[in-house]
Amino acid sequence: MFNEPLLTSPSTPGPLNLHNKIFSIDHTDADNVKPTEECHEVHNVDESDRLVGQLFYSRDQALYFYKGFAREHGFSARKGTIQLDVEENVKTQEFCCSKEGFRVSKVNTVDRQHAHTSVTRTGCKARVVVTATNTNDQWVISKSYQKHNHALCTPAMTPFMRSNRAVSKADIDEATTLKEVGVGTSQVMNYLTQQAGGYHNVGFTHKDLYNALQRGKTKEIIDGDVNVLIAYFDYKKHDDLGFFMTYSVYESGALHNLIWSDSTSRSDYTCFVVTDGDRAMQRAIKSVIPYAKHRLCSWHLSRNAQANIEFNIEKHPWVIEKGNTRHLWAQAYLTGHFFANIRSTQRCESMNTSLEIALKHKKTYLDVVHAIEDGISRMRTNELKADYLSSHTKPFQITKLVDLECHAATIFISESFRAFQDELLRETLYRIEAEIQSLSDE
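Per the UniProt record's numbering, the sequence shown starts with residue 1, numbered consecutively.
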């Protein structure tokens, strides 16, 4: 034992003596703990003395060294108390076994609301103390005591000890990227584990990864979820001069509604708009962009029909209402207008999937906006790819009307040309059947 008592753990309750600049506690219970028959010494006295006198350039370097020492010998280390000098500079720092001290009494109450966690503290006194040198540019181990009152871990168990677990910034960045595209935390953990060569090498557990991701999310919205979103849109205005955003709030200051559109989407709105039939949107479109051709998504019409109609279709109010607005969805009224082939079965499935992922859990407004932007970016990339294929490839002719097909290939993009080919092929077959029928009549 030491000739003088070591500084005690800040995790154990006790008075705070600022006058002496020492964070002290009542250590009576710990002093009464006697080494049991399972007491373990991680090395002999000579080896313990060898730690005393080790020099380090910083306290962090000393902690890193002691954590490595702890891992090698089967226990977990953590920071202990500090002692300040008259100028409030750190004079000494204690690094102790993670089982030092005891759980605070208020946590041990039987009627607590949260579930009880396992007890990890045993009052272990194993520790080292590092002291600043006179020049304060180096730290030296001034005391070392390495007798534990608990069993030590085997090498196979060391990856689970707290001081040996940490999620690096590189792993957090990679996990965040995977999460943004919809990969679950469990799948991310499996990927990182395989990348590291197994659970023994990954350096953290599934819960550690989850907590690290949650801390990052909390940090993102520390200034308020809505404030972060508004700040993001303000940044977008500088990057895109045609970007538009406006919002309104309740009297309490809470967000009421918000609308935004980038310059490309605003130009697209001048061509056509496809919606799900929301009446408020219909009125807004008619008022703000009356020159845009508006149609209803036939997939939503089909879904709503299945939900509203069972019998007596001809007298059903929903059918009558949709009949009065047939100019918004009936093909006869929409022929000749460009809708980029967005119809019932060709709606943006990837956009819906992205939004479902963003809304599946308790995500932020910014997450939802990013999901929408990712879906739009994917659509525009596919459109650009279609333009490239149309400009630098030549479609194969499948009918005898080669000249007509070649001319159509210079007008339509690849997707539209294939639709044209299907119609052209059906038209050709129809003509042939009509000629055969006329011959049989004669």
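Every residue, glycine too, gets a C-beta built ideally from N, C-alpha and C. All values reported here derive from a predicted model rather than from experimental measurement.
(request) Taking only runs that begin and end inside the segment 252-320, name each unbroken alpha helix (DSSP H) of 4 or more residues, in chain order. (result) 263-269, 279-288 and 298-308
(message) According to DSSP, simplified to helix, strand and coil, what is alanine 126?
(response) Translated into positions along the sequence shown, residue 126 becomes position 126. Alanine 126: coil per DSSP, three-state reduction.
(request) Within its chain, find whatever has a CB closer than 6 Å to the CB of asparagine 324; leave out the 5 residues flanking it on each side and keep chain order. (result) Position 324 of the sequence shown, counted from the start, is the residue given in the question as residue 324. Here the set comprises nothing.
(message) According to DSSP, simplified to helix, strand and coil, what is threonine 246?
(response) Taking the sequence shown and counting its residues from 1, one reaches residue 246 at position 246. Strand, per DSSP.
(request) Kindly list the residues whose CB is nearer than 6 Å to the CB of isoleucine 82, restricted to its own chain and excluding five residues on each side of it in sequence; keep chain order. (result) On the sequence shown, residue 82 is found 82 positions in, with the first residue counted as 1. So the list reads Val90 and Gln93, once near-sequence residues are dropped.
(request) Taking the CB atoms as reference points, tell me whether serine 263 and aspartate 239 lie closer together than 8 Å. (result) Start at 1 with the first residue of the sequence shown, and residue 263 comes out as number 263. Start at 1 with the first residue of the sequence shown, and residue 239 comes out as number 239. No, they are not a contact pair.
(request) Within its chain, find whatever has a CB closer than 7 Å to the CB of phenylalanine 420; leave out the 5 residues flanking it on each side and keep chain order. (result) One-based indexing of the sequence shown puts residue 420 at position 420. Excluding sequence neighbours, phenylalanine 420 sits near Ala408 and Phe412.
(message) Measuring only the C-alpha atoms, how far is serine 391 from cysteine 406?
(response) Counting from one through the sequence shown, the residue named residue 391 turns up at place 391. Counting from one through the sequence shown, the residue named residue 406 turns up at place 406. Those two C-alpha atoms are separated by around 13 Å.
(request) Check each candidate in Phe243, Glu427, Leu366 and His73 and name the one with the smallest Cα separation from alanine 156. (result) Taking the first residue of the sequence shown as position 1, residue 156 is located at position 156. With respect to the C-alpha of alanine 156, the residue from Phe243, Glu427, Leu366 and His73 having the closest C-alpha is His73.
(request) Report yes if the CB atom of isoleucine 172 is closer than 8 Å to the CB atom of valine 52, and no otherwise. (result) The count along the sequence shown starts at 1 and reaches residue 172 at position 172. The count along the sequence shown starts at 1 and reaches residue 52 at position 52. In this structure, valine 52 does not lie closer than 8 Å to isoleucine 172 by Cβ.
(message) tyrosine 365 and aspartate 225 - do their beta-carbons sit closer together than 8 Å?
(response) On the sequence shown, position 225 is the one that residue 225 refers to. On the sequence shown, position 365 is the one that residue 365 refers to. Cβ distance < 8 Å, so aspartate 225 and tyrosine 365 count as in contact.
(request) Compute the distance between the beta-carbons of cysteine 124 and cysteine 97, then report whether it is under 8 Å. (result) Within the sequence shown, numbered from 1, the residue matching residue 124 stands at position 124. Within the sequence shown, numbered from 1, the residue matching residue 97 stands at position 97. Going by C-beta atoms, cysteine 124 is nearer than 8 Å to cysteine 97.
(message) Using the Cβ count rule (16 or more neighbours within 10 Å means buried), how would you classify leucine 425?
(response) For the purposes of this step, residue 425 is taken as residue 425 along the sequence shown, with counting starting at 1. Flag for leucine 425 reads exposed.
(message) Restricting to runs no shorter than 4 residues, where is the alpha helix (DSSP H) found entirely within the segment 385-430?
(response) 402-409
(request) Could you pull the start and end residues of the alpha helix (DSSP H) that alanine 70 belongs to? (result) Locating residue 70 in the sequence shown gives position 70, counting from the first residue. Per DSSP, the continuous alpha helix (DSSP H) segment holding alanine 70 begins and ends at 59-73.
(request) Return the residue from the list Ser76, Asn164 and Asp403 that minimises the CA-CA distance to histidine 150. (result) Taking the first residue of the sequence shown as 1, we reach residue 150 at position 150. With distances taken between Cα atoms, histidine 150 lies closest to Ser76.
(request) Give the straight-line distance between the Cα atoms of leucine 296 and methionine 281, rounded to the nearest whole angstrom. (result) By one-based count along the sequence shown, residue 296 stands at place 296. By one-based count along the sequence shown, residue 281 stands at place 281. Answer to the nearest angstrom: the Cα atoms are 11 Å apart.
(request) Helix, strand or coil for lysine 237, going by three-state DSSP, please let me know. (result) The residue you call residue 237 lines up with position 237 of the sequence shown. Helix.
(request) Compare the C-beta of alanine 371 against all C-beta atoms of chain B and say whether one is closer than 8 Å. (result) Within the model displayed, chain B is absent; a lone protein chain is all it includes.
(request) Look at the Cβ atom of isoleucine 259, then the Cβ atom of threonine 246, and state whether they are nearer than 8 Å. (result) The residue you call residue 259 lines up with position 259 of the sequence shown. The residue you call residue 246 lines up with position 246 of the sequence shown. Yes; because the gap between Cβ atoms is below 8 Å, this pair is in contact.
(message) To the nearest angstrom, how far is the alpha carbon of serine 144 from that of glutamate 373?
(response) Translated into positions along the sequence shown, residue 144 becomes position 144. Translated into positions along the sequence shown, residue 373 becomes position 373. The straight-line gap from Cα to Cα measures roughly 57 Å.
(message) For a test of the three-state rule: what should DSSP assign to phenylalanine 56, helix, strand or coil?
(response) For the purposes of this step, residue 56 is identified with residue 56 of the sequence shown, where counting begins at 1. In the structure shown, phenylalanine 56 sits in a strand (DSSP, three-state: E or B).
(message) For residue 492, which residues in the same chain have their Cβ closer than 8 Å to its Cβ, ignoring the five residues on either side in sequence?
(response) Outside the modelled stretch of the chain, which goes from 1 to 442, sits residue 492, for which no answer is possible.
(request) Evaluate histidine 148 with the Cβ neighbour count: other Cβ atoms within 10 Å of its Cβ, from every protein chain shown; 16 or more gives buried, anything less gives exposed. (result) For this step, residue 148 is matched to residue 148 along the sequence shown. Per the 10 Å Cβ criterion, buried.
(message) Which of the three DSSP states is assigned to phenylalanine 102 in this structure?
(response) On the sequence shown, residue 102 is found 102 positions in, with the first residue counted as 1. DSSP places phenylalanine 102 in coil when its eight states are reduced to three.
(request) Would you list the one or two residues that DSSP bridges to phenylalanine 95? (result) Mapped onto the sequence shown, residue 95 falls at position 95. BP columns for phenylalanine 95 point to Lys79 and Val128.
(message) My output table needs one value for leucine 152: the three-state DSSP class, helix, strand or coil.
(response) Looking up residue 152 in the sequence shown gives position 152. DSSP places leucine 152 in coil when its eight states are reduced to three.
(message) Which of the three DSSP states is assigned to serine 168 in this structure?
(response) Here residue 168 refers to the residue found at position 168 of the sequence shown. DSSP places serine 168 in the coil class of the three-state scheme, outside both helix and strand.
(request) Taking all protein chains shown into account, decide if serine 163 is buried (16 or more other Cβ within 10 angstroms of its Cβ) or exposed. (result) Within the sequence shown, the letter at position 163 stands for residue 163. Burial check for serine 163: the Cβ neighbour count within 10 Å reaches 16 or more, so the residue is buried.
(message) Quick check on the burial criterion: 16 or more other C-beta atoms within 10 angstroms. Buried or exposed for glycine 375?
(response) As a working mapping, residue 375 is identified with position 375 in the sequence shown. Buried, by the Cβ-count rule.
(message) Please report the distance separating the alpha-carbon of glutamine 397 from that of threonine 381.
(response) Residue 397 sits at position 397 when you count from the first residue of the sequence shown. Residue 381 sits at position 381 when you count from the first residue of the sequence shown. Rounded to whole angstroms, glutamine 397 to threonine 381 spans 27 Å at the Cα level.
(request) Report all residues from its chain with a CB closer than 6 Å to the CB of serine 186; omit the five preceding and five following residues, and keep chain order. (result) As a working mapping, residue 186 is identified with position 186 in the sequence shown. Closer than 6 Å at Cβ, skipping near neighbours: no residue.
(message) In whole angstroms, give me the CA-to-CA distance for aspartate 422 and aspartate 387.
(response) Within the sequence shown, the letter at position 422 stands for residue 422. Within the sequence shown, the letter at position 387 stands for residue 387. So the alpha carbons of these two residues sit roughly 20 Å apart.
(message) Please report the distance separating the alpha-carbon of serine 377 from that of aspartate 278.
(response) By one-based count along the sequence shown, residue 377 stands at place 377. By one-based count along the sequence shown, residue 278 stands at place 278. Computed Cα separation, rounded: 25 Å.
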